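Residue numbers (the numbering used here): 1 to 426.
Report on one structure; see the data block that follows.
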Amino acid sequence: MSWKAFKSAEQALLGGVPMNWMTKWPGGFPIFLKSAIGAHVEDLDGNDYIDFCLGDTGAMAGHSSPEIGEAIRKQALIGISAMLPTLDSVVVANELAKRFGLPIWQFTVSATDANRHAIRYSRLVTGKRKIIVIDQCYHGSVDETFATLDASGNTIMREGNVGAPVDLDSTTRVVEFNDLVSMQNALKHNDVAAIIMEPAMTNVGIVLPESGYLQSVAELARKNSVIWIVDETHTISVGPGGMTAELGLRPDMLTIGKSVGGGIPTGTFGMTHEIASKVTKKTKRAVIDIGGVGGTLAGNALSLAAMRVTLMNVLTDENFAKMISLGNRWCNGVETVIKEFNMPWHVQRLGARGEYSFQEISPRTGREAAAALDFDLDQYIHLRLLNDGFLLTPFHNMALMSPYTSEEDVDAHTISFRAMCKDLVT
Ligand SMILES: Cc1ncc(COP(=O)(O)O)c(C=O)c1O
């Protein structure tokens, strides 16, 4: 039935899918969703899958948890989007402040928008034009971030960047992760408004920060009066306050989306009092709605009700402890198999998230990590495991745990992963 659905979808949807990246699902066509509950999804043909993709973090709180579903239902019956603030926004902002240490918050429809707005505010506040990004980063569909370095160290656009409005070297400088000298050099020109980065890279496999690296970046940003934006959209997998709380980081701005909405589209960004007051001073009320920071549905009542219940009742300390323990169990299983078959692969851990990549040692930079990417091998692995009843993200080999994931789910994956590795080496 998924195949039939795809054939009819091809008549109405570009590439037969509601959004282009869904063509990346393996097997020539995506399975069509019938239901997603807890840590499982079911397709139209009635096949059940253990879901380690979890909407690439959008469903990290588990699919359709009864608490979140009930809060959404209640709010949906009394007002979804009225362009007015609700009390939930105050509760959520206070909770985010407690978790991430930044006092002032704004809400968006996506993490992409949170990043776009944080970058715009950085330019507004500093009067500088450029941003620094990490090579091979991903922060959503944010124009300025689709930059990379050519062999001579020039900033160029990344392969696949569609319809870029301007040359990337007019907006962006690119540096390698874990490279403080490059960061220092990129800041020398005195034209940088913000450094935007994930505290651990998660979109090219996982690349962990070396000890002291993030603190040194913060220090460089401070010395150069540049705004340091930390994107915790994926790295919240390490705990309720992400790596910011875990490592005691003190970013000037912080962005996050996906998981915090429990599946309802949302994003949010936090800032210091100092930035907030500069933004307020530099913003004219009469034209505040046409300044490039906004979104009619941003901060809507439904998304805030969803965020409130997700943060207060589901993505709790207790559930994180469980998810992280499962993440370790998943990584241990995969690591044991890799050793058993002497595969030239390794596993990286990031709390409730684990990922294996096709290289023996942990990469230090995005470039090193990207060198090990293998789209065809990914497709084989994803299709094989899909046929065994596991859903992985269509992007590389990440697995994420929800509060509903069980030890049995994880161990079942280890068994299938072992059978696959055995076939790959024989
Ligand atoms: C680190 C990071 N930030 C931001 C985003 C953008 O999220 P969204 O696509 O929900 O806007 C992503 C998406 O994968 C991401 O990985």
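We put the beta carbon where it would ideally sit given N, CA and C, even for glycine.
Note that this is a predicted model, so its numbers are computed, not measured.
Is it buried or exposed for R99, if we count other Cβ within 10 angstroms and need 16 for buried? Here the question's residue 99 lines up with position 99 in the sequence shown. Burial of R99 is indicated by the presence of at least 16 other C-beta atoms within 10 angstroms of its C-beta.
Rounded straight-line distance, which links the Cα of S406 to that of S65: Position 65 of the sequence shown, counting from 1, holds the residue named residue 65. Position 406 of the sequence shown, counting from 1, holds the residue named residue 406. S65 and S406: Cα-Cα distance of roughly 15 angstroms.
Given E176 as reference, the closest of G69, V217, I72, G299 once Cα atoms are compared: As a first step, residue 176 is located in the sequence shown; it is residue number 176 there, counting from the start. Measuring from the Cα of E176, the nearest candidate turns out to be V217.
Looking at the structure shown, is R222 part of a helix, part of a strand, or coil, going by DSSP? Numbered from 1 along the sequence shown, position 222 holds the residue referred to as residue 222. Collapsing the DSSP output to three states places R222 in a helix.
Going by C-alpha distance, which of K24, A114, R353 is nearest P265? Position 265 of the sequence shown holds residue 265. That would be A114, whose Cα lies nearest to the Cα of P265.
Where does H189 land, buried or exposed, given buried means 16+ other C-beta within 10 angstroms? Taking the sequence shown and counting its residues from 1, the one referred to as residue 189 is at position 189. Result: exposed.
Any non-hydrogen atom of ligand 1 within 7 angstroms of Y404 CB: What you label residue 404 is simply residue 404 of the sequence shown in a count that begins at 1. Y404 Cβ: outside cutoff for every heavy atom of ligand 1.
Given 7 angstroms as the limit, tell me if D56 has its C-beta closer than that to any heavy atom belonging to ligand 1. Sequence index remark: in the sequence shown, residue 56 carries index 56 (1-based). At least one heavy atom of ligand 1 is nearer than 7 angstroms to the Cβ of D56, so yes.
Verify the contact flag: H40, CB atom, against every heavy atom of ligand 2, threshold strictly below 7 angstroms. Judged by which ligands are present, ligand 2 is missing from the structure shown, whose ligands are ligand 1.
Taking the DSSP output, what are the residues bridged to T255? Walking along the sequence shown from the start, residue 255 turns up at place 255. According to DSSP, which records beta bridges pairwise, T255 is partnered with D231, F269.
Please name the residue or residues paired with H346 in a DSSP beta bridge. Start at 1 with the first residue of the sequence shown, and residue 346 comes out as number 346. Bridge pairing for H346: S357 [DSSP].
What would DSSP say about K24, mapped onto helix, strand or coil? Here residue 24 corresponds to residue number 24 of the sequence shown, with the count starting at 1. The answer is helix: DSSP assigns K24 an H, G or I state.
Under a Cβ-count criterion, where at least 16 other Cβ atoms within 10 Å of its own Cβ denotes burial, should S152 be classed as buried or exposed? Translated into the one-based positions of the sequence shown, residue 152 becomes position 152. Note on S152: under 16 other CB atoms within 10 angstroms of its CB, so exposed under the neighbour-count rule.
Nearer than 7 angstroms: is that true of the beta carbon of T112 relative to any heavy atom of ligand 1? By 1-based counting over the sequence shown, the position of residue 112 is 112. Relative to ligand 1, the nearest heavy atom lies less than 7 angstroms away from the CB of T112.
Start-to-end residues for the alpha helix (DSSP H) that takes in S303: The residue you call residue 303 lines up with position 303 of the sequence shown. S303 -> alpha helix (DSSP H) spans 301-309.
Which of the three DSSP states, helix, strand or coil, is assigned to K74? Along the sequence shown, one-based indexing puts residue 74 at 74. The DSSP-derived three-state label of K74 is helix.
Check: H139 C-beta below 7 angstroms from any heavy atom of ligand 1: Residue 139 sits at position 139 when you count from the first residue of the sequence shown. Answer for H139: yes, Cβ within range of ligand 1.
Residues that M398 bridges to, as DSSP identifies them: To locate residue 398, count along the sequence shown from 1; it is residue 398. BP columns for M398 point to E355.
Do you know whose CA, among S237, N387, G212, lies nearest G248's CA? Taking the first residue of the sequence shown as 1, we reach residue 248 at position 248. For the residues S237, N387, G212, the minimum Cα distance to G248 belongs to G212.
So, are the CB atoms of K258 and G58 less than 8 angstroms apart? Numbered from its first residue, the sequence shown carries residue 258 at position 258. Numbered from its first residue, the sequence shown carries residue 58 at position 58. Taking a C-beta distance under 8 angstroms as the contact criterion, K258 and G58 qualify as a contact pair.
Using alpha carbons as the reference points, say which of D169, Q136, V174 lies closest to G160. On the sequence shown, position 160 is the one that residue 160 refers to. Considering only D169, Q136, V174, the residue with the shortest C-alpha distance to G160 is Q136.
Can you check DSSP and say which residues form a bridge with R120? Here residue 120 is taken as the residue at index 120 of the sequence shown, counted from 1. In the DSSP output, where bridge partners are listed per residue, R120 has none listed.
Could you check the C-alpha separation between H382 and T414 for me, to the nearest Å? Indexing the sequence shown from 1 puts residue 382 at position 382. Indexing the sequence shown from 1 puts residue 414 at position 414. Taking the straight line from one Cα to the other gives about 14 angstroms.
May I ask you to verify whether the stretch 216-236 touches the stretch 78-94, counting CB pairs closer than 8 angstroms and requiring at least 3? These segments do not touch.
Per DSSP, A147 forms a beta bridge with which residues? Locating residue 147 in the sequence shown gives position 147, where the first residue counts as 1. Partner(s): M157.
Who are the near neighbours of K422 in its chain, counting only those whose CB is closer than 7 angstroms to its CB and skipping five residues on each side? Taking the first residue of the sequence shown as 1, we reach residue 422 at position 422. Cβ within range, chain order: F341.
Are the stretch 343-356 and the stretch 389-399 touching, with three or more C-beta to C-beta distances below 8 angstroms? Contact annotation: the stretch 343-356 touches the stretch 389-399, with at least three C-beta pairs closer than 8 angstroms.
Relative to ligand 1, is the shortest distance from any of its heavy atoms to the C-beta of T202 smaller than 7 angstroms? The sequence position of residue 202 within the sequence shown is 202, counting from 1. Checking every heavy atom of ligand 1 against the Cβ of T202, one is found closer than 7 angstroms.
V142 vs G267 beta-carbon contact at 8 angstroms: Taking the first residue of the sequence shown as 1, we reach residue 142 at position 142. Taking the first residue of the sequence shown as 1, we reach residue 267 at position 267. V142 places its beta carbon 8 angstroms or farther from that of G267.
Taking just the CA atoms, how far does E232 sit from V204? Here residue 204 is taken as the residue at index 204 of the sequence shown, counted from 1. Here residue 232 is taken as the residue at index 232 of the sequence shown, counted from 1. Looking at the two C-alpha atoms, the distance is approximately 15 angstroms.
Mind reading off the beta-carbon distance from V17 to P30? Whole number of angstroms is fine, and I expect it under 8 angstroms. Translated into the one-based positions of the sequence shown, residue 17 becomes position 17. Translated into the one-based positions of the sequence shown, residue 30 becomes position 30. About 6 angstroms separates the two Cβ atoms, so the contact holds.
Across the stretch 305-318 and the stretch 66-79, are there enough close Cβ pairs to call them in contact, namely three or more that are closer than 8 angstroms? Look at the beta carbons and you see the stretch 305-318 touching the stretch 66-79: at least three pairs across the two are nearer than 8 angstroms.
Presumed contact (8 angstroms Cβ cut-off) between F390 and F32, rounded CB distance: In the sequence shown, residue 390 corresponds to position 390, counting from 1. In the sequence shown, residue 32 corresponds to position 32, counting from 1. That belief does not hold up - the Cβ atoms of F390 and F32 are roughly 17 angstroms apart, past 8 angstroms.
Rounded C-alpha distance that separates A245 from I236: On the sequence shown, position 245 is the one that residue 245 refers to. On the sequence shown, position 236 is the one that residue 236 refers to. Going by the C-alpha atoms only, they are around 10 angstroms apart.
G263 and G38 - do their beta-carbons sit closer together than 8 angstroms? Numbered from its first residue, the sequence shown carries residue 38 at position 38. Numbered from its first residue, the sequence shown carries residue 263 at position 263. With respect to the 8 angstroms criterion, G38 and G263 are not classified as neighbours on the basis of their beta carbons.
F375 - containing alpha helix (DSSP H), residue span: Within the sequence shown, the letter at position 375 stands for residue 375. DSSP places F375 inside the alpha helix (DSSP H), whose first and last residues are 375-387.
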